[in-house]
Amino acid sequence: MTAAAEGSPVFGMTRARRNALLQSESVQGFALISPTFVYALILLVLPILVVLAHSFWTQHYLTIDHTFTLENYRIALTEPIYRDLLWRSLYISLTVSFFTVILAYPIAYFISFHGGRHKSLWLFLITIPFWTSYLLRVMSWKVILGYNGVLNSGLMGLGIIDEPSTALLYNSSAVIITLTHAWAAFAILPIFVSLEKVDRTLVEAATDLGDGPLRSFLRVTLPLSAPGVISAALIVMIPTVGDYVTPKLVGGKDGVMIANAIQAQFGKAANWPLGAALSVTTMLVVSLMAGATVLIIRAIQRLAR
Numbered sequence: 064m065t066a067a068a069e070g071s072p073v074f075g076m077t078r079a080r081r082n083a084l085l086q087s088e089s090v091q092g093f094a095l096i097s098p099t100f101v102y103a104l105i106l107l108v109l110p111i112l113v114v115l116a117h118s119f120w121t122q123h124y125l126t127i128d129h130t131f132t133l134e135n136y137r138i139a140l141t142e143p144i145y146r147d148l149l150w151r152s153l154y155i156s157l158t159v160s161f162f163t164v165i166l167a168y169p170i171a172y173f174i175s176f177h178g179g180r181h182k183s184l185w186l187f188l189i190t191i192p193f194w195t196s197y198l199l200r201v202m203s204w205k206v207i208l209g210y211n212g213v214l215n216s217g218l219m220g221l222g223i224i225d226e227p228s229t230a231l232l233y234n235s236s237a238v239i240i241t242l243t244h245a246w247a248a249f250a251i252l253p254i255f256v257s258l259e260k261v262d263r264t265l266v267e268a269a270t271d272l273g274d275g276p277l278r279s280f281l282r283v284t285l286p287l288s289a290p291g292v293i294s295a296a297l298i299v300m301i302p303t304v305g306d307y308v309t310p311k312l313v314g315g316k317d318g319v320m321i322a323n324a325i326q327a328q329f330g331k332a333a334n335w336p337l338g339a340a341l342s343v344t345t346m347l348v349v350s351l352m353a354g355a356t357v358l359i360i361r362a363i364q365r366l367a368r
């Protein structure tokens with residue numbers, strides 16, 4: 064026997080005693096972890112419960128009536144203004160996700176397959192613009208798309224247009240362009256990670272069996288990187304539905320989204336129950352849309368096989 068074994072507190076104990084000691088230590092460890100876990104769970108769930116509770120109440124001037132009612136949900140689902148804002152938000156979110164993934168995939172593919180030993184440098188360069196303030200980047204696009212902005216000046220300088228266009232800013236297209244740029248890096252990174260996991264020998268095998276670059280990409284690389292594409296789409300889609308800063312700055316009346324209405328209810332209107340009902344409705348719709356997106360992409364992936 065070694066000295067370490069002789070000094071062990073469990074040395075010489077019976078098996079039942081040793082198991083009881085280990086079990087008691089496990090219980091003590093769980094007791095130490097449990098409060099932290101409960102505290103974190105409360106911090107996560109409590110805000111949702113508060114919003115959910117408010118959605119079943121009503122507001123009378125500055126007083127909240129705690130009587131249970133579904134009136135706020137009726138307004139949220141039947142009032143044309145809120146219904147239209149929600150559909151517009153979903154349309155913008157899906158469009159931004161689509162264009163972001165379309166733009167991010169070639170960049171991630173180039174870095175993964177052709178970046179060589181400079182992959183870290185490429186990723187570093189991609190993330191540099193996102194070190195600046197989100198608000199500053201949105202304002203930069205306002206300058207670019209403005210009436211006397213960079214884009215209008217460039218088009219006039221090339222002789223493509225005779226006078227500045229007002230169609231570039233304060234509409235849903237401006238919101239889509241700005242959000243696509245703002246979330247580009249967040250789509251590139253998960254796609255890059257997924258491409259890094261693709262077995263290069265499978266690509267070489269497809270080439271040896273007669274597949275060209277395009278066919279090899281469609282049959283091997285793209286299906287194997289589908290998890291990264293799904294992750295990128297969800298990472299972009301879910302937050303953009305709730306964005307209210309970008310629509311407020313570059314959207315105008317044609318680019319207002321549901322988050323702006325929610326912010327107005329919690330702010331100037333001081334109608335927290337209606338704002339809470341709009342928030343809960345939006346969360347449920349986004350959750351259903353995210354689940355449907357995953358199912359559709361997986362179905363397309365199975366059909367491609």
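Residues are numbered in the numbering used here as their position in the sequence shown, beginning at 1, plus a constant of 63. Using N, Cα and C, we set each Cβ at its ideal position, and we do this for glycine too. Only a predicted model underlies this, so the values are computations on that prediction, with no experimental measurement involved.
Item: My output table needs one value for His129: the three-state DSSP class, helix, strand or coil.; Value: coil
Item: Hey, Ala27 and Phe193: beta-carbon distance below 8 Å or not?; Value: Beyond the ends of the chain as shown, which are 64 and 368, falls residue 27; an answer cannot be given.
Item: Taking the C-alpha atoms as reference points, what is the distance between Thr195 and Phe131?; Value: 45 Å
Item: Go through its chain and collect everything with a Cβ distance to Leu125's Cβ below 8 Å, but skip five positions before and after it.; Value: Ala333
Item: Rounded to whole angstroms, what is the Cα-Cα separation between Leu281 and Leu337?; Value: 47 Å
Item: Suppose contacts are defined by Cβ-Cβ distances below 8 Å. Is Val256 in contact with Val164 by that definition?; Value: no
Item: For Asp271, count neighbouring Cβ atoms within 10 angstroms of its own Cβ and tell me buried if that reaches 16, exposed if not.; Value: exposed
Item: What span of residues does the beta strand (DSSP E) with His123 cover, start to end?; Value: 121 to 123
Item: Between the C-alpha atoms of Arg151 and Val266, what's the straight-line distance to the nearest angstrom?; Value: 41 Å
Item: Which same chain residues end up closer than 6 Å to Ile224 when comparing Cβ atoms and leaving out the 5 residues on each side of it in sequence?; Value: Leu218
Item: Counting beta carbon pairs with one atom in the stretch 230 to 237 and one in the stretch 310 to 326, are three or more of them shorter than 8 Å?; Value: yes
Item: By DSSP, does Ala230 sit in helix, in strand, or in coil?; Value: coil
Item: Going by other Cβ atoms of all chains shown within 10 Å of its Cβ, with 16 needed for buried, is Ile363 buried or exposed?; Value: exposed
Item: Report all residues from its chain with a CB closer than 6 Å to the CB of Gln91; omit the five preceding and five following residues, and keep chain order.; Value: In this prediction, Gln91 has a pLDDT of 47, which is less than 50 and means its spatial position is unreliable; what the coordinates show is noted afterwards. Cβ neighbours of Gln91 beyond the five flanking positions: none.
Item: Pairing CB atoms from the stretch 143 to 159 with CB atoms from the stretch 284 to 303, are three or more of them under 8 Å?; Value: yes
Item: Decide yes or no for the touch test of the stretch 166 to 185 against the stretch 334 to 354: beta carbon pairs closer than 8 Å, at least 3 of them.; Value: no
Item: Compute the Euclidean distance between the alpha carbons of Val206 and Ile254, then round it to the nearest angstrom.; Value: 30 Å
Item: Decide yes or no for the touch test of the stretch 283 to 292 against the stretch 100 to 120: beta carbon pairs closer than 8 Å, at least 3 of them.; Value: no
Item: Between Pro290, Arg263, Leu312, which lies nearest to Arg361 when the distance is taken from Cα to Cα?; Value: Pro290
Item: Could you check the C-alpha separation between Leu358 and Ile105 for me, to the nearest Å?; Value: 31 Å
Item: For a test of the three-state rule: what should DSSP assign to Lys182, helix, strand or coil?; Value: helix
Item: Hey, out of Trp120, Glu134, Asn135, whose CA is closest to Asp128's CA?; Value: Trp120
Item: Just the Cα atoms here: how many angstroms apart are Leu109 and Ala295?; Value: 28 Å
Item: Going by C-alpha distance, which of Val159, Ala327, Thr344 is nearest Tyr307?; Value: Ala327
Item: Taking 8 Å as the threshold (C-beta atoms), are Leu214 and Leu221 in contact?; Value: no
Item: Under a three-way DSSP split, which group does Ser203 fall into?; Value: helix
Item: Buried or exposed for Val299, going by 16 or more other Cβ atoms inside 10 Å?; Value: buried
Item: Within the same chain, show all residues whose beta-carbon is closer than 7 Å to that of His211, passing over the 5 residues directly before and after it, in chain order.; Value: Reading off the sequence, residue 211 comes out as Asn, not His. Pro227, listed in sequence order.
Item: Could you pull the start and end residues of the alpha helix (DSSP H) that Leu370 belongs to?; Value: In the structure as shown, the chain begins at 64 and stops at 368. Residue 370 is therefore absent and cannot be evaluated.
Item: Under DSSP, the alpha helix (DSSP H) around Gly220 begins and ends at which residues?; Value: 213 to 220
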